[in-house]
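Have a look at the structure below before the remarks.
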Amino acid sequence: MIATDENKEQIHSQLKVRKTLNNSTVLVMDENQVEHIVFGKGIAFGKNKGDVIEEKDVVKKFTCHDAEGEKLIQLIQEIPKPCMEIAQEIIEYAESRLHDKLNNSIYFTLPDHIAFVLKRKREGLMPVNPLKWEIQRYYQLEYEIGLKSVELIEEEFEIKLNADEAAAIAMHLVNAEMNFHLHESMMMVELMNGIMQIIRYQTQSDFNENDLNYQRLVTHLKFFVQRIAAKTQYTADNSLYSIVVKSYPKAFELVAKIRDYVEIKTSYAVSNDELTYLTIHLQRLLERKE
73 MIATDENKEQ
83 IHSQLKVRKT
93 LNNSTVLVMD
103 ENQVEHIVFG
113 KGIAFGKNKG
123 DVIEEKDVVK
133 KFTCHDAEGE
143 KLIQLIQEIP
153 KPCMEIAQEI
163 IEYAESRLHD
173 KLNNSIYFTL
183 PDHIAFVLKR
193 KREGLMPVNP
203 LKWEIQRYYQ
213 LEYEIGLKSV
223 ELIEEEFEIK
233 LNADEAAAIA
243 MHLVNAEMNF
253 HLHESMMMVE
263 LMNGIMQIIR
273 YQTQSDFNEN
283 DLNYQRLVTH
293 LKFFVQRIAA
303 KTQYTADNSL
313 YSIVVKSYPK
323 AFELVAKIRD
333 YVEIKTSYAV
343 SNDELTYLTI
353 HLQRLLERKE
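Residue 73 is where the sequence shown starts when you use this note's numbering, and the numbers rise one by one after that.
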């Protein structure tokens, strides 16, 4: 099993190098003879077996247990060192832009993805991302980070990629933000797009994406589809439901179509609380349109 010590205890003051895996990753042993894998930009530079890693230089630390820890080490060793190092740089940049820590899985999925991208590039196989437009629209910050990541990869490996790759990296970031698998994140994007298509068709409008009420609606829908993916429900004051239905019949009629679409696509039972607040957000948008 691989576990993170994050939020449990401070890193031991004595982390001695057992083996440098690459410039950013080191296998260490703490004072209790427990092995860890630690990450940090340039953390292994000039280090030899027995040297001490400074606590301030460690960005992420994993504790290794038995055979599974060895498998993790093997995975890191199989990924080319430059891929691991550029991934570390991208992760640090992403966390600074997102103002949050990403799930630990990104330390393995992103370098593996970069290594795969380089392999595809050498083979002349750079597929088109069918959800690039949707990712760019609904996950703008992650997409911007993806564009910067592409620049870093292009500069490091002297190759030319495309915006489709920025979208792919953005989805890895979304996964790590929400602790979802890739297929769940792709489902969320597709569901978001389907809902927005219903709204545009039923209102015969293409809303101004800079409008505050539009942005609020998109934000609400992102959390809505996250709850669908996680199979959780939003609960609030259910007494508002009947008031909202009577007060905003046009908006609720549209929300009912969204509910039917979601339940057919996902078998997720949309609660009255979800319907209530989605209706309120849509009503704001419809009022601005009118």
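All C-beta atoms in this analysis are idealised placements derived from N, C-alpha and C, irrespective of residue type, glycine included.
Checklist entry - Thinking C-beta only, is Tyr313 closer than 8 Å to Leu347? => result yes
Next on the checklist: Is it buried or exposed, Ala341, if we count other Cβ atoms within 10 angstroms and call 16 or more buried?
Outcome noted: exposed
Next on the checklist: Let me check understanding here. Comparing Cα to Cα, which of Glu256, Ser168, Asn120 and Leu284 lies closest to Ile300?
Outcome noted: Glu256
Checklist entry - If Val327 sits next to Leu354, beta carbons under 8 Å apart, how far is it from one beta carbon to the other, in whole angstroms? => result 6 Å
Next on the checklist: To the nearest angstrom, how far is the alpha carbon of Ile225 from that of Ser311?
Outcome noted: A straight line joining the alpha-carbon of Ile225 with that of Ser311 spans about 53 Å.
Checklist entry - Does DSSP classify His108 as helix, strand or coil? => result strand
Checklist entry - Which runs of the alpha helix (DSSP H) spanning at least 4 residues fall entirely within the segment 209–278, listed in chain order? => result 212–229, 235–250 and 254–275
Item to check | Straight-line Cα distance separating Lys121 from Arg90 | outcome: 5 Å
Checklist entry - Can you list, in chain order, the residues of its chain whose CB lies under 6 Å from that of Ala75, leaving out five sequence neighbours each side? => result With a pLDDT of 48 at Ala75, under the threshold of 50, the predicted position of this residue should be treated as unreliable, and no value is reported.
Checklist entry - Is there contact here, the segment 262–272 with the segment 226–246, by at least three beta-carbon pairs under 8 Å? => result no
Item to check | Range covered by the beta strand (DSSP E) that runs through Lys88 | outcome: Leu87 to Asn94
Next on the checklist: Strictly by DSSP, which residues pair up with Val124?
Outcome noted: Lys88
Checklist entry - Of the residues Tyr211, Ala302 and Leu213, which one's Cα is nearest the Cα of Asn251? => result Ala302
Next on the checklist: I need the straight-line Cα distance from Leu170 to His292, nearest angstrom please.
Outcome noted: Rounded to whole angstroms, the gap between the alpha carbons of Leu170 and His292 is 18 Å.
Next on the checklist: Just verifying my parser: in three-state terms, what is the DSSP assignment at Thr307?
Outcome noted: coil
Item to check | Own chain residues within Cβ distance below 7 Å of Ile270, not counting five before or after | outcome: Lys329, Ile330 and Tyr333
Item to check | The beta strand (DSSP E) enclosing Leu99, as first and last residue numbers | outcome: Thr97 to Met101
Checklist entry - What did DSSP end up calling Phe377 once you bin it into helix, strand or coil? => result There is simply no residue 377 to check, as the chain begins at 73 and stops at 362 in what is shown.
Item to check | Where Lys204 falls: helix, strand or coil (DSSP) | outcome: Reduced to three states, the DSSP call for Lys204 is helix.
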